[in-house]
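Going by the numbering used here, the first residue of the sequence shown is number 4, and it counts up by one from there. Glycine included, each C-beta is placed from N, C-alpha and C at the ideal position.
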Amino acid sequence: MSGDLHAERVVLQRGARSGLPVIVAVHSTALGQALGGCRLAQYPDWRYGLADALRLAAAMSDKCALAGLAHGGGKTVVALPPGRVLDPAGRRDLLHDVGDVIASFGGTYATGPDVGTGPDDMVTIAERTPWVFCRPVPAGGSGDSSEYTAVGVLAALRAVAAHRFGSADLAGRSFAVLGLGRVGGSVARMLAEAGATLLAADVDAGRRALAEGYGATWVSPHDCLTADVDILVPAALGGLLTARSVPELRCAAIAGPANNQLDSPATADLLHERGILWAPDIVVSAGGVIHAVAVELHHETSAQATARVRGIGGTLTAVLDTARATGSTPAAAARHHADRLIGPTG
Numbered sequence: 004m005s006g007d008l009h010a011e012r013v014v015l016q017r018g019a020r021s022g023l024p025v026i027v028a029v030h031s032t033a034l035g036q037a038l039g040g041c042r043l044a045q046y047p048d049w050r051y052g053l054a055d056a057l058r059l060a061a062a063m064s065d066k067c068a069l070a071g072l073a074h075g076g077g078k079t080v081v082a083l084p085p086g087r088v089l090d091p092a093g094r095r096d097l098l099h100d101v102g103d104v105i106a107s108f109g110g111t112y113a114t115g116p117d118v119g120t121g122p123d124d125m126v127t128i129a130e131r132t133p134w135v136f137c138r139p140v141p142a143g144g145s146g147d148s149s150e151y152t153a154v155g156v157l158a159a160l161r162a163v164a165a166h167r168f169g170s171a172d173l174a175g176r177s178f179a180v181l182g183l184g185r186v187g188g189s190v191a192r193m194l195a196e197a198g199a200t201l202l203a204a205d206v207d208a209g210r211r212a213l214a215e216g217y218g219a220t221w222v223s224p225h226d227c228l229t230a231d232v233d234i235l236v237p238a239a240l241g242g243l244l245t246a247r248s249v250p251e252l253r254c255a256a257i258a259g260p261a262n263n264q265l266d267s268p269a270t271a272d273l274l275h276e277r278g279i280l281w282a283p284d285i286v287v288s289a290g291g292v293i294h295a296v297a298v299e300l301h302h303e304t305s306a307q308a309t310a311r312v313r314g315i316g317g318t319l320t321a322v323l324d325t326a327r328a329t330g331s332t333p334a335a336a337a338r339h340h341a342d343r344l345i346g347p348t349g
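Right under this line is the structure:
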């Protein structure tokens, strides 16, 4: 969203125990302590991991600002070499290395789960630094954030339906859910409970039973992406909306929890030209971090935090209303709102 790769501070350090490159990028602390997930993923080279960290940290600044959080954005990325698999001891060493790098920021940055990590990993990182969130409930944390991310996605889907079709009712609407991981699976379940018609896909064929258990029609990922449905729900990894894929789309709107859905900012214009309403992912996917931060860092009750998550619907409506009033894309409207809140960066 921010469109730049500036950052206030970047640390790239080879882990003393693991020997692996640990990257922490803090994009902005203008609104407060920076937040961002810890991503363990394979990259062809550590430089790709660095670019990912910078891009994701900038998006997190926008996400926090638009969610009304007094926090900035950051990101932790561990660039695993292709084919590298960590055994339990190696994973523990790596997470301790991550904790040491985060500790060096002196509390200006806190991390949570992301691709390749989960709540239990936060407990291990917390052995080296207190600046983590989304630890399991027995460990004093708020637990797995995926259910709350899904609650926020459902609120966003209602806002999109109201904006595009004139009613927030999801019953009878058709959805294609692409990706049935922890968040996507929960979204599919909630949509089924709301009476929606579902198509679903995942690269893991083992999730077919899950989809069919919710009454969804199982299709290939490509057929899911290009399905003739009311709303496409991207819930896997990002980058699926490209100059090549947009002409194939047959949905009326897109809203889902996958981060960085656009391969480039220009793709938002392509969607707009086709009349496809795209809900910015930084708004749609914010439920997990909103809940975790409210409970763990600001000591609100889960009920109070969940009410904040449902506020994503109102936030998205404001963005979509601005886009309609100005004739701009929702992406541009969201960027305007975020820039106004954060102020100049870089």
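When DSSP states are grouped into helix, strand and coil, Pro260 belongs to the coil group. Judged by DSSP in its simplified three-state form, Ala328 adopts helix. Taken through DSSP and simplified to helix, strand or coil, Arg138 comes out as coil. Setting aside the 5 residues that flank it on each side, Ala219 is surrounded in the same chain by Val180, Ala191, Ala195, Leu201, Leu202, Ala203, each with a C-beta closer than 8 Å to its C-beta; the list follows chain order. If you draw a 10 Å sphere on the C-beta of Pro133, you find fewer than 16 other C-beta atoms in it, and that means exposed. Distance from the CA of His9 to the CA of Gly175, rounded to the nearest whole angstrom, comes to 45 Å.
Straight across, the Cα-Cα distance linking Ala33 with Val222 is about 44 Å. Sequence-distant Cβ neighbours of Leu280 in its own chain, meaning closer than 6 Å and more than five residues away, are Arg167, Ala256. Between Thr120 and Cys67, the C-beta spacing is not below 8 Å.
Between Ala62 and Gly76, the alpha-carbon positions lie close to 7 Å from each other.
Where Leu183 is concerned, there is no enclosing alpha helix (DSSP H), because DSSP gives it neither an H nor an E.
About 13 Å separates the beta carbons of Ala289 and Gly115, which is beyond the 8 Å limit, so they are not a contact pair. Residue Glu150 holds the alpha-carbon nearest to the alpha-carbon of Leu183 among Val27, Ala335, Glu150, Gly330. In this structure, the CA atom of Leu300 is about 42 Å from the CA atom of Asp231. A residue is called buried when at least 16 other Cβ atoms come within 10 angstroms of its Cβ; Arg138 meets this threshold and is buried. When the alpha-carbon of Cys254 is set against those of Leu265, Ala269, Asp226, the nearest one is in Asp226. Taken through DSSP and simplified to helix, strand or coil, Thr114 comes out as strand. Apart from the 5 residues on each side of it in sequence, Asp48 sits with its Cβ closer than 8 Å to the Cβ of Ala82 in its chain, given in chain order.
Within the model, the alpha-carbon separation for Ala28 versus Gly317 is close to 30 Å.
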